[in-house]
Amino acid sequence: MAALPRLSSETRAEVVVVGAGYTGLSAALHAASGGRDVVVLEAAEIGAGGSGLNGGQVIAGLKHDPDTLESLYGERVGAQLIACSGTAPDLVFDLIRRYSIKCDAVRAGWIQLAVSERQVGPLERRAAQWRSRGADTAVLSDRDAARLTGTARYCGGWIDRRGGTVQPLAYLRGLARAAQECGARLFTSSAARRFSRAGDEWRLETEQGAVTAKTVIVATDAYTDRTFNALRRTVVAVPSIQVATAPLPASLRARILPEGQSVSDTQRILRYFRLDASGRLVLGTRGSYGDVPVPVHTRAHERAVCDLYPELAGVPLEYRWGGFVAMTRDGIPHLHEPAPGLLAGLGYNGRGVAMATAMGRLLARRALGETSASLDFPVTPVQPIRLHALSRVGARATIQYLQARDALERGLRRAPARVGA
Ligand SMILES: Cc1cc2nc3c(=O)[nH]c(=O)nc-3n(C[C@H](O)[C@H](O)[C@H](O)COP(=O)(O)OP(=O)(O)OC[C@H]3O[C@@H](n4cnc5c(N)ncnc54)[C@H](O)[C@@H]3O)c2cc1C
Numbered sequence: 004m005a006a007l008p009r010l011s012s013e014t015r016a017e018v019v020v021v022g023a024g025y026t027g028l029s030a031a032l033h034a035a036s037g038g039r040d041v042v043v044l045e046a047a048e049i050g051a052g053g054s055g056l057n058g059g060q061v062i063a064g065l066k067h068d069p070d071t072l073e074s075l076y077g078e079r080v081g082a083q084l085i086a087c088s089g090t091a092p093d094l095v096f097d098l099i100r101r102y103s104i105k106c107d108a109v110r111a112g113w114i115q116l117a118v119s120e121r122q123v124g125p126l127e128r129r130a131a132q133w134r135s136r137g138a139d140t141a142v143l144s145d146r147d148a149a150r151l152t153g154t155a156r157y158c159g160g161w162i163d164r165r166g167g168t169v170q171p172l173a174y175l176r177g178l179a180r181a182a183q184e185c186g187a188r189l190f191t192s193s194a195a196r197r198f199s200r201a202g203d204e205w206r207l208e209t210e211q212g213a214v215t216a217k218t219v220i221v222a223t224d225a226y227t228d229r230t231f232n233a234l235r236r237t238v239v240a241v242p243s244i245q246v247a248t249a250p251l252p253a254s255l256r257a258r259i260l261p262e263g264q265s266v267s268d269t270q271r272i273l274r275y276f277r278l279d280a281s282g283r284l285v286l287g288t289r290g291s292y293g294d295v296p297v298p299v300h301t302r303a304h305e306r307a308v309c310d311l312y313p314e315l316a317g318v319p320l321e322y323r324w325g326g327f328v329a330m331t332r333d334g335i336p337h338l339h340e341p342a343p344g345l346l347a348g349l350g351y352n353g354r355g356v357a358m359a360t361a362m363g364r365l366l367a368r369r370a371l372g373e374t375s376a377s378l379d380f381p382v383t384p385v386q387p388i389r390l391h392a393l394s395r396v397g398a399r400a401t402i403q404y405l406q407a408r409d410a411l412e413r414g415l416r417r418a419p420a421r422v423g424a
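Throughout, this note's numbering is defined as the position within the sequence shown, counted from one, plus 3.
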């Protein structure tokens, strides 16, 4: 996309959005198409955050199962979380269609697979819970899993046909273009450094300019900096690293993910993968803090590729990159309104392609004047995590512990089914 300007003057808007990821650009698009004068401030460039770096898996739902959401948050809030996250992929594919976004979108479903027999039952129950709420899901046997993925490493799981895949950066750039076409003004290299109340408005200052607006939408997720320090401390930024192989030959593409689904597995440190439009296997798993944005250590990824697909042993990894995922204490995303006209949405726990797009629309609806009650989504107070400064140490130790347990479980796993059997 064409280079965007830096904010270098004083300006006014009705809505100012901080952060140009899916949350911010969806908010900008929906607010601008609703008639608001919108300015977007992005600290770096379009795609510098998770929205430009992710695995492109469009996933319905949250980490918690629907029944769990209802029992944790009660029937009303549980139903809101289920409805919003369950329909979020519809919004993504609808925006792609409506604004003719070229991003290799494929809606063939999302598959979640069990690495051990023990994990098959919970996945079957997850499929049933969503099915009972009208979603198009099905249970997969180990043979189904082997046929759909081309690897015999899995014991079974489920497919959720609401999901799919996109080229993540192309989808984001498409949202940026659509927001601009609706009148939003986008500025890059324009970090919001200070914000203050000016009468009944907010004033955001960047290095070289400032914006004054009635409504501020903070959409900075795992990349939230000290400008919004309380918000920053509501999430733990966890590194996730991806690799992409060279394009696979047609013979392998016919066997590996032949129907175009994306896959996540149930390892404690999960692996997620898909084929892109050029036939590269794109695979991600957790990494180290030092490997974002440019990974040095991808041995775990090489091992994962060969563990799943031994036939790819000689295929070079052509790309490696990393980004941060925002994890919340309770595993659900949050919409906050800490002061009148100050809104924020973040904390997608690795499920942000669909959910951040949906959050952006919720934030825009609020900015367009709907009451928070009419959003049908919980508005929660900003609650920083205690001892947040230690969260990286804790995350590092937790990752190592979970990796060790995954390795142990892989060792104990029963012999895999034969592919194509
Ligand atoms: C490697 C990886 C793989 C992932 N895979 C998937 C997946 O397959 N499926 C899925 O659903 N989710 C996935 N996710 C999660 C998903 O990418 C995120 O949840 C989602 O992109 C969050 O979008 P966002 O707009 O809220 O934040 P981001 O896209 O992170 O954007 C935040 C932006 O705010 C900017 N910013 C920060 N501070 C300021 C400031 N002071 N002023 C101005 N701008 C500021 C940043 O520069 C950044 O561009 C993955 C994440 C990563 C990192």
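Note that CB positions come from ideal geometry on N, CA and C, so glycine has one too.
A quick note: this is a predicted structure, and the numbers were derived from the prediction, not measured.
Under the three-state DSSP convention, the category residue i falls into
i, result
"ALA240", "strand"
"ARG197", "strand"
"TYR226", "helix"
"ARG417", "At ARG417, the pLDDT of 44 sits below 50, so the modelled position is not reliable and the matter cannot be decided from this model."
"HIS67", "coil"
"MET358", "helix"
"VAL422", "Low confidence applies here, because VAL422 scores a pLDDT of 36, under 50, leaving its location unreliable and the question unanswered by this model."
"GLN386", "coil"
"ARG268", "According to the sequence shown, residue 268 is Asp rather than Arg. ASP268 falls in the strand class under three-state DSSP."
"GLU184", "helix"
"THR218", "strand"
"ILE99", "helix"
"GLU17", "coil"
"THR374", "coil"
"ASP333", "coil"
"GLY52", "coil"
"ARG258", "coil"
"GLU73", "helix"
"TYR439", "As shown, the chain starts at 4 and ends at 424. That puts residue 439 outside it, with no answer to give."
"ASP203", "coil"
"TYR157", "coil"
"ALA5", "coil"
"GLU321", "strand"
"THR168", "strand"
"ALA141", "strand"
Residue i versus the options, residue with shortest Cα-Cα distance
i, options, result
"MET330", "THR227, ILE99 and LEU345", "THR227"
"GLU321", "GLU262, SER267 and ALA247", "ALA247"
"THR140", "ILE162, ARG128, ARG121 and GLU120", "ILE162"
"ASP224", "ARG39, THR360 and PRO298", "THR360"
"TYR351", "PRO313, ALA240 and ALA233", "ALA240"
"ARG395", "PHE327, PRO384, ARG256 and ARG323", "PHE327"
"ALA63", "ARG389, VAL356, ARG364 and GLU373", "VAL356"
"ARG354", "ALA5, ARG39, GLN83 and GLY89", "GLY89"
"ASP379", "ARG369, GLN386, ILE388 and PRO298", "ARG369"
"THR374", "MET358, ALA392 and PRO343", "PRO343"
"PHE198", "ARG206, THR191 and SER192", "ARG206"
"TYR3", "ARG180, GLU73, SER144 and ALA131", "The chain is shown only over 4 to 424; residue 3 falls outside these bounds and no answer can be derived."
"GLY112", "VAL266, MET4 and GLU73", "VAL266"
"GLY363", "MET4, ALA5, GLY27 and ALA16", "GLY27"
"ASP310", "PRO69, VAL118, LEU7 and THR191", "VAL118"
"ALA201", "LEU7, ALA6, ARG15 and ALA5", "ARG15"
"ASP279", "ALA86, LEU172 and LEU371", "LEU172"
"ILE104", "ARG176, ASP147, ARG165 and ARG146", "ARG176"
Distance CB(residue i)-CB(residue j) smaller than 9 Å
i, j, result
"ARG277", "VAL285", "yes"
"GLN170", "GLY282", "no"
"LEU65", "ILE272", "no"
"GLU204", "LYS217", "yes"
"ILE259", "ARG332", "no"
"TYR174", "ALA257", "no"
"LEU189", "LEU349", "no"
"HIS391", "ARG156", "no"
"GLN115", "LEU126", "yes"
"GLY325", "LEU56", "yes"
"VAL61", "THR168", "yes"
"LEU338", "LEU366", "yes"
"GLN245", "ARG323", "yes"
"LEU143", "GLY160", "yes"
Any non-hydrogen atom of ligand 3 closer than 8 Å to residue i Cβ
i, result
"ASP228", "Looking at this structure, you won't find ligand 3 anywhere; what it does contain is ligand 1."
Residue-level contact to chain D via CB, residue i, 9 Å cutoff
i, result
"GLY27", "Checking the listed chains, one finds no chain D in this structure; it contains a single protein chain."
For this session: Please confirm if the region 144–154 is in contact with the region 90–103, defined as three or more CB-CB distances below 8 Å between the two stretches.
Result: no
For this session: Specify whether the region 6–15 and the region 210–218 touch according to this definition: at least 3 beta carbon pairs, one from each stretch, less than 8 Å apart.
Result: yes
Problem set entry | Three-pair Cβ contact test at 8 Å for the region 181–200 versus the region 22–42 | yes
Problem set entry | Three or more C-beta pairs below 8 Å linking the region 77–87 and the region 244–261 | no
For this session: Decide yes or no for the touch test of the region 42–58 against the region 21–31: beta carbon pairs closer than 8 Å, at least 3 of them.
Result: yes
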